[in-house]
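Participant:
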Amino acid sequence: MYLYFRTNTDMALHYIKNLLSDDAEHSMSEIYDYVMENCKGHAIMGEPMRATVISSALWRLAHTDGSGYYRTRRGVYQKGDCGKEMRVKLSPYEKAVRIVARAEREVAGSFYMNLDGSLDIESTIRIQEVGRGVLERMAQIKGELSALQQELIKDSPIELAEDTGMTMEY
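Quick note, my numbering runs 1027 ahead of the 1-based positions in the sequence shown.
(1) According to the neighbour-count rule (16 or more other Cβ atoms, all chains shown, within 10 Å of its Cβ), is H1090 buried or exposed?
(2) Would you please state the rounded distance, in angstroms, between the beta carbons of M1055 and G1102? I believe it to be under 8 Å.
(3) Taking only heavy atoms of the ligand ATP into account, decide whether any of them is closer than 7 Å to the Cβ of L1046.
(4) Measure the C-alpha to C-alpha separation of V1127 and G1136 and round it to an integer number of angstroms.
(5) Could you tell me which residues DSSP puts in a beta bridge with Y1074?
(6) Taking just the CA atoms, how far does R1087 sit from T1036?
(7) Using a Cβ-Cβ cut-off of 8 Å, state whether G1102 counts as contacting chain B.
(8) If you draw a straight line from the C-alpha of I1180 to the C-alpha of A1174, how long is it?
(9) Which class does S1173 belong to by DSSP, given the choice of helix, strand or coil?
(10) In three-state DSSP terms, what is H1041?
(11) Any idea which residues DSSP pairs V1103 with across the strands?
(12) Using the three-state DSSP reduction, which class does D1182 fall into: helix, strand or coil?
Here it is, written out as structure tokens:
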């Protein structure tokens, strides 16, 4: 099925809403990548999609009253009712796991390399090995944090479950 859009903004809004339809939080870089991937090869009135179009469409969507989309924190957007209390009080361990998971996504993107000839093959391979090592260490840190959280739950399960809502989502 071919979709017709009047403007690049309309196209960006369509793909932004499509990504955010899962009601999960999505970072600006994730939204940008998703829109650009879906717009690949499409140009409206001869103009390809640009980052400025995506960011302004997202800003407008998040700042339109009653749109159902909002910014949860800097650079992160979500579909839902921002009037509801959407955040559960998180334990320090849960906060740390979320921070590490977010950093993991950012680090993974920073070690993505194009083989465009700007670096020799050996340097590219070395950079990617370093990136994998960093990601492996971050996965270990998340595991250690989760294990510490489980020990804390075991020591005081009733108090902690009531105080924090205890979810280890990341």
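Quick reminder that beta carbons are idealized off the backbone N, C-alpha and C, glycines included.
Facilitator: Here's the rundown:
(1) Exposed is the call here.
(2) With a contact defined as Cβ atoms closer than 8 Å, M1055 and G1102 qualify at about 4 Å.
(3) With respect to small molecules bound, the structure shown includes none, and the ligand ATP cannot be examined in it.
(4) Rounded to whole angstroms, V1127 to G1136 spans 14 Å at the Cα level.
(5) The question names Tyr, yet the displayed sequence has Glu at residue 1074. Partner(s): I1071.
(6) One C-alpha to the other measures close to 10 Å.
(7) You won't find chain B in this structure, because it holds only one protein chain.
(8) If you take the alpha carbons of I1180 and A1174, they lie about 10 Å apart.
(9) Of the three classes helix, strand and coil, the one that applies to S1173 here is helix, per DSSP.
(10) For H1041, the secondary structure class from DSSP, reduced to helix, strand or coil, is helix.
(11) Answer by DSSP bridge pairing, in chain order: S1054 and R1100.
(12) Three-state DSSP puts D1182 in a helix.
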